[in-house]
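Student: Structure incoming, see below.
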Amino acid sequence: MSDHTTTDWSLIPGSPEEIEHARARCRKLVARRALMSAGTSAIPIPGIDLMSDVGLLSMLINDINHEFGLTPEQIEKLNPQFKLMAYRVAIGMGGMLVGKLVTRELIIHLLKRSGVKLATKQVARVVPLAGQAVAAALGYAVFRQIGNQHVNACAAVAQELITIRPS
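Residues in the sequence shown are numbered from 0 upward in steps of one, following numbering that gives the first Met the number 0.
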């Protein structure tokens, strides 16, 4: 068992300013990956966008978790009390991906929660050109929404951890 003296606090942003910098970096990353998702959504081949989104979201979630010091490996290095606090705050924020090993099934479940938008995207792509534009716009919106929600959840967990961090 580790105590607060063995917890590696350098992995987690140590101040509100560092959290805001991490949040800004992650939002830029979300926007870039959402554009990639939108580009794939415009391709009129059924299923290719979903497979692309699964891969892109998986990498994005891992990158965001890492930026905030909240990958499963990083959380394992925390004192058990702080580890429990991190998971408790993540669950309270609806951050079901904070500190978790991101699997294909977990990402698909998350995308299914955005079901109406995804169904609309699939139907819209059948209509030439205009439908592909709608599919791309919806793909961008869904991807960006999921990514930014995760950024906010990670920032909230990091903020909570710095408030309980020993001096």
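All C-beta atoms in this analysis are idealised placements derived from N, C-alpha and C, irrespective of residue type, glycine included.
#1: So valine 150 packs on valine 53, CB below 8 Å; how close in whole Å?
#2: Alpha carbon to alpha carbon, how far is isoleucine 161 from isoleucine 18?
#3: Is the region 65–83 in contact with the region 20–38, if contact means three or more CB pairs nearer than 8 Å?
#4: Using beta-carbon positions only, say whether isoleucine 145 and leucine 49 come within less than 9 Å of one another.
#5: Rounding to the nearest angstrom, what Cα-Cα distance links glycine 38 and alanine 135 in this structure?
#6: Compare the beta carbon distance of methionine 84 and glutamate 159 with 9 Å and say whether it is the shorter of the two.
#7: Could you say which of Leu10, Tyr139 and Ser51 lies nearest to leucine 34 if we only look at CA atoms?
#8: Per DSSP, what kind of secondary structure is phenylalanine 67 in: helix, strand or coil?
#9: Determine the DSSP secondary structure at arginine 164, reduced to helix, strand or coil.
#10: Just to check my reading of the structure: leucine 10 and lysine 76 have Cβ atoms closer than 8 Å, yes? What is that Cβ distance to the nearest angstrom?
#11: Just the Cα atoms here: how many angstroms apart are phenylalanine 81 and serine 36?
#12: Does DSSP classify asparagine 61 as helix, strand or coil?
#13: Output the boundary residues of the alpha helix (DSSP H) element that contains proline 15.
#14: Would DSSP call threonine 119 helix, strand or coil?
Tutor: Short version:
#1: The pair is not a contact, with the Cβ atoms about 19 Å apart (cut-off 8 Å).
#2: Distance between the alpha carbons of isoleucine 161 and isoleucine 18 is about 10 Å.
#3: yes
#4: no
#5: Alanine 135 has its alpha-carbon roughly 6 Å from the corresponding atom of glycine 38.
#6: In contact: methionine 84 and glutamate 159 (Cβ atoms closer than 9 Å).
#7: Tyr139
#8: Coil.
#9: coil
#10: Right, the Cβ-Cβ distance comes to about 7 Å (below 8 Å), so this counts as a contact.
#11: Cα-Cα distance, rounded: 35 Å.
#12: helix
#13: 15–40
#14: In this predicted model, threonine 119 has a pLDDT of only 49, less than 50, meaning its place in the structure is not dependable; the value taken from the coordinates is given anyway. Helix.
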